[in-house]
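A quick write-up on the structure given underneath.
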């Protein structure tokens, strides 16, 4: 051995775009799952908005840049996956639309919370955002698993 452990080397590894996205989605989910403390609804919404902005940026990078490059490589390796890749592209498009809806919901709730003293009046909007946001994070993680699975399959299929 050269005196360095594998753990030490891994601690300084550059995160991949997928790692960054996963971390951002986890932060968003944690913000949404954090219980609302009485009198802290503006701070709660601010935290959700900040974590959403990072998650949205990372997800957008995946579906607009990373996935299309992967799909191109997959088709080059195995053109028989064209139908499967089209389904993955369609799911990316659906995720993109959902991303825009959640962004609008975050902005609405942010404006409403800033203007509303009574946090009970933001409860329904907050609940809807929590449900939509967690559903979105699960959907995106599921898509990442599907893309990764089919990417590996494209290069490991027997002809």
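Numbering (the numbering used here), first residue to last: 222 to 380.
For each residue, glycine too, the CB sits at the ideal point set by N, CA and C.
Contact check for residue 354 and residue 323: beta-carbon distance about 6 angstroms, within the 8 angstroms limit, so the pair qualifies. The shortest CA-to-CA distance from residue 269 to any of 378, 327, 279 and 370 is the one to 327. Excluding residues up to 5 positions away in sequence, 291 and 295 lie with their Cβ nearer than 7 angstroms to the Cβ of residue 372 in the same chain. The Cβ atoms of residue 378 and residue 299 sit closer than 8 angstroms to each other. Our two residues, residue 318 and residue 339, have alpha carbons roughly 31 angstroms apart in a direct line. With respect to residue 331, residue 266 sits close: the two C-beta atoms are nearer than 8 angstroms. The straight-line gap separating the alpha-carbon atoms of residue 376 and residue 345 is approximately 47 angstroms. Residue 347 counts as buried, since no fewer than 16 other beta carbons sit within 10 angstroms of its beta carbon.
Shown here, residue 323 sits in a helix according to DSSP, grouped into three states.
Put simply, the backbone Cα of residue 262 is about 22 angstroms away from that of residue 357. CA-CA distance, residue 329 to residue 343, rounds to 10 angstroms.
In the structure shown, residue 259 adopts coil according to DSSP, grouped into three states.
Note that the C-beta distance between residue 240 and residue 284 is not below 8 angstroms. Secondary structure at residue 343: helix, using DSSP grouped into helix, strand and coil.
In the three-state scheme derived from DSSP, where H, G and I count as helix and E and B as strand, residue 236 is classed as coil.
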